[in-house]
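Residue numbers (my numbering), protein chains in the order written: chain A, 1359 to 1612; chain B, 2 to 109.
Set out below in structure tokens:
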């Protein structure tokens, strides 16, 4: 059965999409079949990291949620060439990127139940081991749904006061929805912070396991802002942290 | 009476105590606020893989006492409200979210 992993943050700019995409690459490198749903429909972006550009006939999640296109036709194999020789695969369900489609979705909305059905349907039809849901930041109907159906919630935060408070709210909601597993990831940790102190502080504050403490890295912004760090610079400390997190999650979920 | 209130302390029969589930379609916002926890668990399991018949019976048995209801009554009320439906394809009971849509910004 496909395991669902939601990657969420209370506020934007935490690096949630970057983490989602690179986790997918780490799982694929372990030979797993992974789906990635971009449910950040108002501000999609994860497709860029996979180098995916929608052609005129490429279907997106919007075509399923607001139309009649089967979800299978909205998924695209974006497995990086360096991983394509192995068993692992990455299937991306991107959100529409053009302004008109985004505006239409925001204007007309959609039935969130269709999103639920789509996740389970794609997992089954593509025989996925894992499905990663890259969510919209904050709390709304879609993020509550993806949290509720998750086998594991990965909460991403930056080490600042607003994120500390907002993350507490999101974790409380996840606990009310009885999510079986949760991990906290502190991303973009400035170099002058003591990583172990931060780890201890957040572990004590939230009472859920800390999955990773990932460094803020100017060089990574230059090297891999539009691609997968795990593929381009696998030995970078940020990439190594994500690889370790993926191993921990795979142990917990599979 | 709210769904989180305890059963009638005077000991009224289960049939006389109406189940105070909110009216209208089930939304995620509504689900997350529901009490008792066993009812949230039932509906959350229904959202995930769905519930086989024995699972649903067990969940109703766990949730019903807090609501002063018999398990069969709780099950019937969830179905009446359209919150639970039988999925013939998966052969499971599944939680059905209503037609509430994500909020849209005001139109210009």
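Ideal placement from N, C-alpha and C gives every residue a C-beta, glycine not left out.
Item to check | Proximity of residue 1540 (chain A) and residue 1448 (chain A) at Cβ, strictly below 7 Å | outcome: no
Next on the checklist: Can you find the residues in the same chain that come closer than 6 Å, C-beta to C-beta, to residue 2 (chain B), ignoring five residues on each side of it along the sequence?
Outcome noted: With a pLDDT of only 33 at residue 2 (chain B), under 50, the local geometry of the prediction cannot be trusted, and the value read off the model is given with reservation. The residues are 21.
Next on the checklist: Beta-carbon within less than 8 Å of residue 1455 (chain A)'s beta-carbon, same chain only, minus the 5 sequence neighbours each way: which residues are those?
Outcome noted: 1402, 1405, 1412, 1418
Checklist entry - Between which two residues does the beta strand (DSSP E) harbouring residue 87 (chain B) extend? => result 85-88
Checklist entry - Does any C-beta atom of chain A lie closer than 7 Å to the C-beta of residue 31 (chain B)? => result no
Checklist entry - Which value, in whole angstroms, describes the spacing of the CA atoms of residue 43 (chain B) and residue 60 (chain B)? => result 6 Å
Item to check | Close Cβ partners of residue 10 (chain B) (< 8 Å) along its chain, the five nearest in sequence each way excluded | outcome: Low confidence applies here, because residue 10 (chain B) scores a pLDDT of 37, under 50, leaving its location unreliable and the question unanswered by this model.
Next on the checklist: For the region 1532-1556 of chain A, list every residue whose C-beta sits within 8 Å of some C-beta in chain B, in sequence order.
Outcome noted: 1534, 1535, 1536
Item to check | Rounded separation between residue 74 (chain B) and residue 1569 (chain A) - CA only | outcome: 43 Å
Checklist entry - Helix, strand or coil: how does DSSP classify residue 1376 (chain A) here? => result helix
Next on the checklist: Do residue 1598 (chain A) and residue 1590 (chain A) have their beta-carbon atoms positioned less than 7 Å apart in this structure?
Outcome noted: no
Item to check | Local Cβ density within 10 Å of residue 1483 (chain A), reported as buried at 16 or more and exposed below that | outcome: exposed
Next on the checklist: Alpha carbons only, please: which of A:1369, A:1374, A:1384 is nearest the one belonging to residue 1593 (chain A)?
Outcome noted: A:1384
Item to check | Option nearest residue 1634 (chain A) by Cα separation, candidates A:1518, A:1521, A:1522, A:1475 | outcome: The shown model of chain A, from 1359 to 1612, leaves out residue 1634 (chain A), and the question about it has no answer.
Item to check | Extent of the continuous beta strand (DSSP E) run through residue 1510 (chain A) | outcome: 1510-1515
Item to check | Amino acids of chain A, ordered along the chain, whose beta-carbon sits closer than 9 Å to that of residue 28 (chain B) | outcome: 1470, 1499, 1502
Checklist entry - Closer than 7 Å, Cβ to any Cβ of chain B: which residues of the region 1505-1527 of chain A, in chain order? => result 1506, 1507
Item to check | Counterpart residues of residue 96 (chain B) in DSSP-defined beta bridges | outcome: B:85
Checklist entry - In terms of residues, what are the limits of the beta strand (DSSP E) holding residue 55 (chain B)? => result That residue, residue 55 (chain B), is in no beta strand (DSSP E); its alpha helix (DSSP H) goes 54-64.
Checklist entry - Using DSSP with H/G/I as helix, E/B as strand and the rest coil, what is residue 1431 (chain A)? => result helix
Next on the checklist: Considering just the uninterrupted stretch of the alpha helix (DSSP H) at residue 47 (chain B), what are its terminal residues?
Outcome noted: 38-48
Item to check | Own chain partners of residue 1548 (chain A) with C-beta closer than 7 Å, once the 5 adjacent residues on each side are dropped | outcome: 1574
Checklist entry - Between residue 72 (chain B) and the rest of its own chain, which residues show a CB-CB distance below 6 Å, the 5 nearest in sequence each way excluded? => result 61, 62, 65
Item to check | Proximity winner among A:1437, A:1481, A:1414, relative to residue 1430 (chain A) (alpha-carbon distances) | outcome: A:1481
Checklist entry - Going along chain B, which residues have a C-beta under 8 Å from residue 1614 (chain A)? => result Outside the displayed span of chain A (1359 to 1612) sits residue 1614 (chain A), for which this structure offers no information.
Next on the checklist: Can you list, in chain order, the residues of its chain with a C-beta nearer than 6 Å to that of residue 1399 (chain A)? Leave out the 5 residues immediately preceding and following it.
Outcome noted: 1453, 1463
Checklist entry - Buried or exposed: residue 1529 (chain A), going by 16 or more other Cβ atoms within 10 Å of its Cβ? => result buried
Checklist entry - Which residue spans inside the region 1481-1566 of chain A form an unbroken beta strand (DSSP E) run of at least 3? => result 1488-1492, 1510-1515, 1539-1547
Checklist entry - From the DSSP output, which residues share a beta bridge with residue 1396 (chain A)? => result A:1492
Checklist entry - Which residues in chain A sit within 8 Å of residue 122 (chain B), going by Cβ to Cβ distance? => result With chain B covering 2 to 109 only, the question about residue 122 (chain B) has no answer from this structure.
Checklist entry - With 16 as the cutoff for other CB atoms within 10 Å, does residue 1366 (chain A) come out buried or exposed? => result buried
Checklist entry - What does residue 1449 (chain A) pair with, by DSSP beta-bridge criteria? => result A:1393, A:1435
Checklist entry - residue 1366 (chain A) bridges to which residues according to DSSP? => result A:1513
Item to check | Residues sharing a beta bridge with residue 1571 (chain A), DSSP | outcome: A:1544
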